[in-house]
Amino acid sequence: MHSEHRLKVEMIDALKRRTNISAAVCLILGSLLLAIVWQGECLGVSPEESLKSLHVPAGFKVDLVASEPLIDAPVAFDWSPDGRLWVVEMRDYPVGMDNRGKPGGRIVCLTDKDGDGKYDSATVFLENLLFPNGVMS
Numbered sequence: 098m099h100s101e102h103r104l105k106v107e108m109i110d111a112l113k114r115r116t117n118i119s120a121a122v123c124l125i126l127g128s129l130l131l132a133i134v135w136q137g138e139c140l141g142v143s144p145e146e147s148l149k150s151l152h153v154p155a156g157f158k159v160d161l162v163a164s165e166p167l168i169d170a171p172v173a174f175d176w177s178p179d180g181r182l183w184v185v186e187m188r189d190y191p192v193g194m195d196n197r198g199k200p201g202g203r204i205v206c207l208t209d210k211d212g213d214g215k216y217d218s219a220t221v222f223l224e225n226l227l228f229p230n231g232v233m234s
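Here this note's numbering = 1-based position in the sequence shown + 97.
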């Protein structure tokens with residue numbers, strides 16, 4: 098019975114050590130990822146790669162109609178009756194454009210000039226907005 102208790106204690110201690118190591122590794126990796134993202138070097142995938150991860154019901158499909166560099170940090174959008182796409186960009190979130198609260202949000206109007214179903218032109222409608230988060234056209 099005594100050896101059984103000792104074995105349980107050893108297993109618990111080993112698990113604690115492993116958990117502490119795992120937590121430390123997660124903390125280090127999280128810090129590295131945050132540092133990379135904070136420097137503006139996101140490890141994201143391309144818009145085309147993102148499309149591959151979407152699952153839609155049979156009979157539906159998803160088309161990529163706008164992406165970077167045409168838009169930057171989109172948070173909301175709406176289509177106007179004429180087919181233009183109005184996009185809210187919150188480029189200043191969370192600390193402002195200068196890391197001290199300088200507004201940098203804007204509303205951009207996208208137009209499909211050649212009629213191929215993809216937006217190819219962006220015109221800034223409003224700029225220097227502080228954390229914009231919605232639009233209605």
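Each residue gets a CB set at the ideal place from its N, CA and C atoms; glycine is no exception.
In three-state terms, what does DSSP make of residue i?
| i | result |
| --- | --- |
| GLU186 | strand |
| GLY202 | strand |
| ASN225 | strand |
| ALA155 | coil |
| SER234 | coil |
| ASP175 | strand |
| LEU161 | coil |
How far does the alpha helix (DSSP H) with residue i in it reach, from first residue to last?
| i | result |
| --- | --- |
| GLU146 | 144-149 |
Excluding the 5 residues flanking residue i on each side, which residues of the same chain have their C-beta closer than 7 Å to its C-beta?
| i | result |
| --- | --- |
| MET187 | ALA170, VAL172, GLY202, PHE228, PRO229, ASN230 |
| VAL159 | LEU148, LEU151, VAL153 |
Given this structure, state the Cα-to-Cα distance separating residue i from residue j, to the nearest angstrom.
| i | j | result |
| --- | --- | --- |
| LYS180 | MET233 | Checking the sequence shown, residue 180 turns out to be Gly, not Lys. When rounded, the distance between both Cα atoms is 13 Å. |
| LEU223 | ILE204 | 5 Å |
| PRO200 | ALA155 | 43 Å |
| ILE168 | TYR190 | 15 Å |
| VAL221 | VAL142 | 26 Å |
| VAL185 | ASN196 | 20 Å |
| PHE157 | GLY212 | 21 Å |
Just reading off the beta strand (DSSP E) that residue i is part of, what are its end residues?
| i | result |
| --- | --- |
| ILE168 | Neither: ILE168 is in no beta strand (DSSP E) and is coded neither H nor E. |
Looking only at its own chain, which residues have a Cβ that is under 8 Å from the Cβ of residue i, when we skip the five neighbours before and after it?
| i | result |
| --- | --- |
| GLU145 | LEU161 |
| TRP183 | PHE174, ASP175, TRP176, SER177, ILE204, VAL205, CYS206, LEU207, PHE222, VAL232, SER234 |
| LYS225 | Note on identity: in this sequence residue 225 is Asn, with Lys being the wrong assignment. Within the same chain, ASN225 has close Cβ partners PRO200, GLY201, GLY202, ARG203. |
Below 6 Å CB to CB, which residues in the same chain sit around residue i once its five sequence neighbours on both sides are set aside?
| i | result |
| --- | --- |
| MET194 | GLY201 |
| SER218 | THR208, LYS210 |
| ALA163 | LEU207, TYR216 |
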